[in-house]
Amino acid sequence: MQKEKIRLDVFLVREGYAKDIKYAQSLILSGSVLINDVIVSKVGTLVTPKDKVRTKEKIKTYVSRGAYKLLGAFDHWKDIQIEGKTCFDLGASTGGFSQVLLENGASKVFAIDVGYGQMAQKIANDPKVVVYDRTHLKELPTLPLEPLTKETWITMDLSFISLIPVFGYLLPLFQKFPNIHWFGITLLKPQFEVHPSKLEKGILKDSHEIGYTIRTVWHKIKKTDPKIRFKGLKESPIQGADGNREFLIFWDRKEEV
Numbered sequence: 063m064q065k066e067k068i069r070l071d072v073f074l075v076r077e078g079y080a081k082d083i084k085y086a087q088s089l090i091l092s093g094s095v096l097i098n099d100v101i102v103s104k105v106g107t108l109v110t111p112k113d114k115v116r117t118k119e120k121i122k123t124y125v126s127r128g129a130y131k132l133l134g135a136f137d138h139w140k141d142i143q144i145e146g147k148t149c150f151d152l153g154a155s156t157g158g159f160s161q162v163l164l165e166n167g168a169s170k171v172f173a174i175d176v177g178y179g180q181m182a183q184k185i186a187n188d189p190k191v192v193v194y195d196r197t198h199l200k201e202l203p204t205l206p207l208e209p210l211t212k213e214t215w216i217t218m219d220l221s222f223i224s225l226i227p228v229f230g231y232l233l234p235l236f237q238k239f240p241n242i243h244w245f246g247i248t249l250l251k252p253q254f255e256v257h258p259s260k261l262e263k264g265i266l267k268d269s270h271e272i273g274y275t276i277r278t279v280w281h282k283i284k285k286t287d288p289k290i291r292f293k294g295l296k297e298s299p300i301q302g303a304d305g306n307r308e309f310l311i312f313w314d315r316k317e318e319v
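For any residue, its number in my numbering is found by taking its place in the sequence shown, counting from 1, and adding 62.
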């Protein structure tokens, strides 16, 4: 019998609601878990012996676990408002980020990926989604993107590339649309920002190195584009598939008035 407070994700596994911690966290982040009939979306919420925990009868599912990373951003930064806004999903893959954007009211989502045919059909077939497969970020300014909303959002979940050149690739897009106020949620993956010699079996474990890497990368991004403004940093609620820690960066950019 439970005698003291424990984390909600641990509770769900222990009580048989979830087969493992990762699935428990996905249930919580998708808004499928209630404590005392109130939806809880923080995986670290503490459960007491008196609390009544249950899951919804209909569990919301997403096309990829990446969706839960973006859900973590929406849960943490309450001022994220994308209803009626145009959005970009860079590194769209199967469409987890696009799915979250649509659920939160995006008027249009440009799903960009260098790969081909990866996006789940139910996302690709949504009339609000425009899929650009086999497309490099350098090509964004050449695509038919208009009209964009006055506030346009960019989300990024990119792998095997540093974010430093990525923001360099985006600069021509920003310059092409100088009247747009850009907002972004970007996943920073430190393992792709350091020399391979710093990794242990593909994983960056040193917390000091991770912190240093985050600061260094952001400093270089600002050097690439001084008009980018930092609005917040949060560790992703779930790790990468390989076990690496990942971080959500909230930023914006606009031309000087």
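Glycine residues also receive a C-beta, built at the ideal position from the N, C-alpha and C atoms. Computed from a predicted structure; not experimentally measured.
The three-state secondary structure of H243, taken from DSSP, is strand.
For Y124, the closest of V162, N241, T204, G146 by C-alpha to C-alpha distance is V162. Listed in chain order, the non-local C-beta contacts of K316 below 6 Å within the same chain comprise H243, local neighbours out to five positions each way being set aside.
Straight through space, the alpha carbons of E255 and I226 are spaced by roughly 9 Å. In this structure, I97 sits near D113, with a CB-CB distance shorter than 8 Å. Here V191 is bridged, per DSSP, to V171.
Between the alpha carbons of P252 and A303 lies a distance of about 14 Å. Sorting N166, A86, L249 by C-alpha distance to the C-alpha of N306 places L249 at the top.
In the DSSP assignment, the residues bridged to I216 are F150, G246. Relative to Y231, the option among E213, N241, T204 whose CA is nearest is T204. DSSP lists W313 as the beta-bridge partner residues of F292. Within 10 angstroms of the beta-carbon of Y130 lie 16 or more other beta-carbons, which makes it buried. In this structure, D151 sits near A173, with a CB-CB distance shorter than 8 Å. Q87 counts as buried, since no fewer than 16 other beta carbons sit within 10 angstroms of its beta carbon. Per DSSP, V115 is not a residue of any alpha helix (DSSP H); the beta strand (DSSP E) it occupies stretches across 115-117. Within the same chain, I101, S103, K122 come within 7 Å of G93 by CB-CB distance, once the 5 residues on both sides are set aside. Residue environment analysis places T110 among the exposed positions, since fewer than 16 neighbouring C-beta atoms fall within 10 angstroms of its C-beta.
Bridge partners of R69 according to DSSP: L108. As a beta-bridge residue in DSSP terms, I101 pairs with L96. According to the DSSP assignment, W139 belongs to no alpha helix (DSSP H), since it is labelled neither H nor E.
In the DSSP annotation of this structure, the continuous segment of the alpha helix (DSSP H) that includes S160 starts and ends at 158-165. C-alpha of F309 to C-alpha of S298: approximately 5 Å in a straight line. One Cα belongs to N241, the other to P209, and the distance between them is close to 12 Å.
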